[in-house]
Amino acid sequence: MRLYMLSTLLNIVVPVFAVVAVGFAFGRRQRHADMGFINLANVAVFCPALVFSALIDNPVRLGTSWPLMLAGTLIIVLPGLLLCLFRFRGLERRTLVLGGMFRNTGNIGIPLMMLAYGEDQLGAIIILFVLSNLIHFSLGLFILSREAGRWLWLKNPIIWSAVLGMLLADHPTLLPEFVYTSTGLLGQMAVPLMLFALGVRLSGGEMGDLGLALRVNLSYLLAGAASLLLVAWWLPLSADWLRLLALSVMLPPAVLNYLLCEQYRCQPDKMASIVLLGNALSVLTIPLVIYLTLTLL
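One rule links them: number in this note's numbering = place in the sequence shown (from 1) + 10.
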């Protein structure tokens, strides 16, 4: 039984980190590899296609899915509120809070959840991904700069592809079949590109204050676990949803946090160290979380 569980864990985790490692090696070898165009295409074309096709194949029923949507919102907002109680010398509160609220739900979360909990959970996985994007590009940007970004989420194609997917899920005949086939093909490119691009991005970073980065990442895990317990106690969540939420709060900080901190001049060097170490620690924390969720829930 233990060997079977170990084999299952390896089959889930290794492919994801292997693709990231390939991207990391490629980035190191090329040096200053420019992934700008590819990342833009992924965000503007492939990810929206993935969201749309996933919601068409796995319709979201708002009447029954509201507990997951509320829980997905709370596991982002609650850690931010809890982290306001922490103080780290030399680290601004907005830097601390941003990294703890927004996890790597896209690059690592989607493929890991699909491999660990099954493709039949893709609809719920996409809900969490879209919620994270919506809050990241609204509340997240508001935290960084109160003067900008409040309505930037309206320009996010992922949000609108989600709305369109939910509207058409019950009326698929409104569009010809080749539209769904085409978007499905485009969407299949999103996840591998996410992982590869994450590896390339990590290859160009350098860790600064490791002690600070470690303490901050441990505080993220603590705040995430506390938030999960509160949400699980309060909301009527199925075991499948609890697994997805548990993995979500234990994911490493999103690489996008570093890019936004760089754009808004909010201690990008500190955020880079936090993100890099968080992703390194996830090699240990993610297999543990998957093991616990598969055996206890």
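All C-beta atoms, glycine included, are put in the ideal place defined by N, C-alpha and C.
Here the structure is a predicted model, which means the values were calculated and not measured.
Going by DSSP, name the residue or residues bridged to residue i.
| i | result |
| --- | --- |
| Pro263 | Arg113 |
Work out the CA separation of residue j and residue i for me, nearest whole Å.
| i | j | result |
| --- | --- | --- |
| Ala64 | Ile120 | 12 Å |
| Asp250 | Leu238 | 14 Å |
| Leu20 | Leu298 | 11 Å |
| Val87 | Ala43 | 34 Å |
| Leu93 | Tyr230 | 8 Å |
| Phe36 | Leu205 | 12 Å |
| Ala28 | Thr303 | 22 Å |
| Tyr127 | Arg253 | 8 Å |
| Leu125 | Ser155 | 37 Å |
| Leu174 | Arg97 | 42 Å |
| Asn267 | Gly46 | 16 Å |
| Thr295 | Gly90 | 20 Å |
| Ser213 | Phe139 | 24 Å |
| Pro167 | Gly100 | 36 Å |
| Leu245 | Pro77 | 6 Å |
| Ala31 | Leu185 | 39 Å |
| Leu164 | Met123 | 27 Å |
| Ile300 | Asp130 | 17 Å |
| Ile284 | His181 | 45 Å |
| Leu144 | Ala223 | 26 Å |
| Asp219 | Ala282 | 10 Å |
| Phe34 | Asn117 | 14 Å |
| Leu311 | Met111 | The question about residue 311 has no answer, for the chain in this structure spans 11 to 307. |
| Thr183 | Pro278 | 48 Å |
| Arg103 | Asn52 | 31 Å |
For the alpha helix (DSSP H) containing residue i, list its first residue and its last residue.
| i | result |
| --- | --- |
| Glu187 | 187-197 |
| Arg211 | 200-213 |
| Ala51 | 46-51 |
| Lys280 | 278-306 |
| Tyr127 | 120-127 |
| Arg97 | Arg97 -> no alpha helix (DSSP H), and no H or E assigned at all. |
| Thr74 | 72-93 |
| Pro167 | 167-178 |
| Leu245 | No alpha helix (DSSP H) holds Leu245; DSSP gives it neither H nor E. |
| Ala64 | 57-67 |
| Ser148 | Looking at the DSSP string, Ser148 is not in any alpha helix (DSSP H), and its letter there is neither H nor E. |
With 16 as the cutoff for other CB atoms within 10 Å, does residue i come out buried or exposed?
| i | result |
| --- | --- |
| Leu287 | buried |
| Cys57 | buried |
| Val24 | exposed |
| Lys280 | buried |
| Ser248 | exposed |
| Thr105 | buried |
| Gly109 | buried |
| Val293 | exposed |
| Leu195 | exposed |
| Ser171 | buried |
| Ser17 | exposed |
| Arg211 | buried |
| Thr115 | buried |
| Leu208 | buried |
| Ala233 | buried |
| Ala54 | exposed |
| Leu50 | exposed |
| Leu132 | buried |
For the 8 Å Cβ check, are there 3 or more pairs between the segment 77-85 and the segment 241-260?
yes
Would the segment 190-206 count as touching the segment 245-263 if we require 3 or more Cβ pairs under 8 Å?
no
Is it true that the segment 182-199 meets the segment 137-157, where meeting means three or more beta-carbon pairs spaced less than 8 Å apart?
no
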